[in-house]
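Just below is one structure, and these are the notes that go with it.
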Amino acid sequence: MAQHREQKQFIDELKRFEYKMIPKDRDSFKMLLKRHIDEEEFDTISMKILRELHEKYCSKKPDRSKLENLFKKQGE
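Going by our numbering, the first residue of the sequence shown is number -19, and it counts up by one from there.
Right, dumping it as structure tokens:
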């Protein structure tokens, strides 16, 4: 059950990045999405592909230190 929850979370997050995906990744994601809609729980290989896609497209967080330096006063 926990895997299904994680699967749903990854799918929901990846939907926002579908337009940025390269064609090969987009095809893989669409296949996984169809299986998710059919309410199938992914096997280990499919879950590995989903995790790789999630890492590639969703886990890029901006570096806050660069932003903080922009807004510091020059006297500090």
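Note that CB positions come from ideal geometry on N, CA and C, so glycine has one too.
Being a predicted model, the structure only gives us computed values, none of them experimental.
Non-local C-beta neighbours of Phe22 in its own chain, meaning closer than 6 Å and more than five positions away in sequence, comprise Gln(-13), ordered along the chain. Under the three-state reduction of DSSP output, Met27 falls in the helix class. Annotation: Leu30 to Phe(-10) spans about 7 Å, alpha carbon to alpha carbon. When the beta-carbon positions are compared, Glu(-2) and His34 stay at least 8 Å from each other. CA-to-CA, the gap between Cys38 and Met27 works out to about 15 Å.
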